[in-house]
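Enquirer: Numbers given in this note's numbering equal positions in the sequence shown, counted from 1, plus 354. Think of the CB as a built atom: it goes at the ideal place given N, C-alpha and C, for glycine as much as any other residue.
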Amino acid sequence: MNERITSAEYRKRMGLDYSAPNGGDKSPKAQIRMPKKRTPNKTEAEWMRICETRHPQAIAIKYEPWSLKLEHSRTKYTPDVVVFEAFKHAIVVTCYEVKGPHLHGNSANSIRAFKEARGEFYMFNFIFAQRTKAGWATVPNATSQAQSAPTPNQH
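1. Which of the three DSSP states, helix, strand or coil, is assigned to Arg365?
2. Thinking C-alpha only, which one of Glu451, Ile415, Leu424 is nearest Pro494?
3. Have a look at Pro419 and Val436 and give me their C-alpha separation to the nearest angstrom.
4. Check whether the segment 446-466 and the segment 389-406 are in contact - that is, three or more C-beta pairs closer than 8 Å.
5. Among Ile386, Cys405, Gly473, whose alpha-carbon lies nearest the alpha-carbon of Tyr417?
6. Out of Met402, Ala462, Gly459, point me to the one whose CA is closest to Phe438's CA.
7. When the Cα atoms are used, what is the spatial distance from Met368 to Gln385?
8. Looking at the secondary structure, which residues open and close the beta strand (DSSP E) in which Phe438 lies?
9. So, with DSSP's three-state summary, where would you put Asn356?
10. Can Ile415 and Cys449 be called in contact, C-beta distance under 9 Å?
11. So for Arg485, helix, strand or coil by DSSP?
12. Please determine, among Thr429, Arg392, Pro389, Ala444, the residue with the shortest C-alpha to C-alpha distance to Ile313.
13. Does the beta-carbon of Asn479 have 16 or more other beta-carbons within 10 angstroms, so that it is buried, or is it exposed?
This is the structure we're talking about:
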């Protein structure tokens, strides 16, 4: 015997009925998870406060505003802090890699990417800033061609 039933009846008989008893839908809803906004850690936040005094011409001081695509290693580098400064005829961009007093094993990748980005993106100033017990130590970018503006070490 060929019994004809609707698809809803078939799902109900096979235990595939997802409808609620009152006719509502209780099937799982699709959810979109938006990425959480990244916030600086204590060391990076402290360095951002220091940048406010070291860069009086700063238009903006941003935390991880972008990622730079590195051609050589085919990876990305995201500077911790980026300072945009306005001078007479130019805007100077300074990218900081901020580290605490202890460098851990995972710091090696970010330092390697920092050095690679410094070589590829010569139009930016790259400065390595590390918090030590004695205070802050900065290593300015020796390879940058964007030296028209003073770096923090020259103040």
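Expert: Reading from the atomic positions:
1. On the sequence shown, position 11 is the one that residue 365 refers to. Helix, per DSSP.
2. The residue given as residue 494 occupies position 140 in the sequence shown. Taking only the C-alpha atoms, the option nearest Pro494 is Glu451.
3. Translated into the one-based positions of the sequence shown, residue 419 becomes position 65. Translated into the one-based positions of the sequence shown, residue 436 becomes position 82. Roughly 7 Å separates the two Cα atoms.
4. Between the segment 446-466 and the segment 389-406, the count of Cβ pairs shorter than 8 Å is three or higher; the stretches touch.
5. The count along the sequence shown starts at 1 and reaches residue 417 at position 63. Residue Cys405 is the option with its Cα nearest to Tyr417.
6. Stepping through the sequence shown from its first residue, residue 438 is reached at position 84. Of the candidates Met402, Ala462, Gly459, the one whose C-alpha sits nearest the C-alpha of Phe438 is Met402.
7. As a position in the sequence shown, residue 368 is number 14, starting the count at 1. As a position in the sequence shown, residue 385 is number 31, starting the count at 1. Going by the C-alpha atoms only, they are around 27 Å apart.
8. The sequence position of residue 438 within the sequence shown is 84, counting from 1. Looking at the DSSP string, the run of the beta strand (DSSP E) that includes Phe438 is 435-440.
9. Working through the sequence shown from its first residue, we reach residue 356 at position 2. Assignment of Asn356 by DSSP, reduced to helix, strand and coil, places it in the coil class.
10. Taking the sequence shown and counting its residues from 1, one reaches residue 415 at position 61. Taking the sequence shown and counting its residues from 1, one reaches residue 449 at position 95. For Ile415 and Cys449, no; Cβs fall outside 9 Å.
11. Taking the sequence shown and counting its residues from 1, the one referred to as residue 485 is at position 131. In the displayed model, Arg485 falls within a strand according to three-state DSSP.
12. Because the chain here runs from 355 to 509, residue 313 falls outside it and cannot be looked at.
13. For the purposes of this step, residue 479 is taken as residue 125 along the sequence shown, with counting starting at 1. Result: buried.
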